[in-house]
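Heads up: the sequence shown at position 76 corresponds to 76 in the UniProt record's numbering, and the numbers run straight through without jumps. These notes are about the structure you will find just below.
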Amino acid sequence: MTEKKDAEKLMAELLEFAKKMLARHGEFHPFGAYLSDSGEIVQVGVEGGSVREKADRIEASFRDLAARGGVRVFGVATNIDLAAGEGRVADAIQIFLEHRDGYCADVFFRYELDEGLTILETSAQQGDSRLFALSH
1 MTEKKDAEKL MAELLEFAKK MLARHGEFHP FGAYLSDSGE IVQVGVEGGS VREKADRIEA
61 SFRDLAARGG VRVFGVATNI DLAAGEGRVA DAIQIFLEHR DGYCADVFFR YELDEGLTIL
121 ETSAQQGDSR LFALSH
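Next up, the structure:
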């Protein structure tokens, strides 16, 4: 699999879980997952602390795993407020993806929760490497 295909496989898993949590609870706490060399997807979550502290602890554990090897791609999902122009804010799922071979992206899924969950818009941008690059 290519690095982008690896990342897309992991992103689909993260997005599905985030959507499930939003539909059931109206929110979700940061969580992550990684794709191992064997092709297994392993989900990771932490308890206690603020949203930022949880995301930071997930990333710290991923940096440790990156240093040991055996992981192709990491992903972290967070529930964020996204600037929507003209001073407005929209709800969004942010999925950060980082592959050991250099692919790195932030993908945003703007959503609405009315009578169910609706993904309104998807956008992506180049991400800043912060897991594999910092593990060496």
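We put the CB at the ideal spot given by N, CA and C, even for glycine. It should be emphasised that the depicted structure is a prediction, and the values quoted were computed from it without experimental measurement.
A distance of 8 Å or more separates the beta carbons of A55 and V73. A distance below 8 Å separates the beta carbons of A7 and Y103. F62 sits away from G45, with the two beta carbons spaced by 8 Å or more. Using a 10 angstroms sphere on the CB of V71, the tally of other CB atoms reaches 16 or more, which defines it as buried. Distance between I93 and F108, taken at the CA atoms: about 6 Å. Under the criterion of beta carbons closer than 8 Å, L97 and M11 qualify as touching, at roughly 6 Å. If you look at S61, you'll find it in the alpha helix (DSSP H) that goes 51 to 68. Membership of D6 in the alpha helix (DSSP H) is indicated by the continuous run 3 to 25.
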